[in-house]
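These notes concern the structure reproduced below.
Numbering (my numbering), first residue to last: 722 to 790.
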């Protein structure tokens, strides 16, 4: 999920976030980041499903045209 980010990099990112935002804001930021990631995944899944449906419909139309000829 994080690509080439290892444990040391994640610890460094967390430490920087802790310094910048403070310990009281981190849970809020984490929650909002989690919601954003969830929405992004949901949106990308919907787009993928829509494209798959459109592709199937196009194939069905092409099949009907070939059968009519």
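Even for Gly, the Cβ is constructed at its ideal location relative to N, Cα and C.
- Item | Inter-residue spacing [alpha-carbon to alpha-carbon] between residue 762 and residue 772 | Going by the C-alpha atoms only, they are around 15 Å apart.
- Task: Note down the Cα distance separating residue 732 from residue 766, rounded to an integer number of angstroms.
- Result: Whole-angstrom Cα-Cα distance: 30 Å.
- Would you mind reading off the limits of the alpha helix (DSSP H) that contains residue 729? Note, residue 729: alpha helix (DSSP H), 728-742.
- Message: Output needed for residue 742: all residues of its chain with C-beta closer than 7 Å, excluding positions within five of it in sequence on either side, in chain order.
- Response: If we look at residue 742 and ignore the five residues flanking it on each side, its Cβ neighbours are 750.
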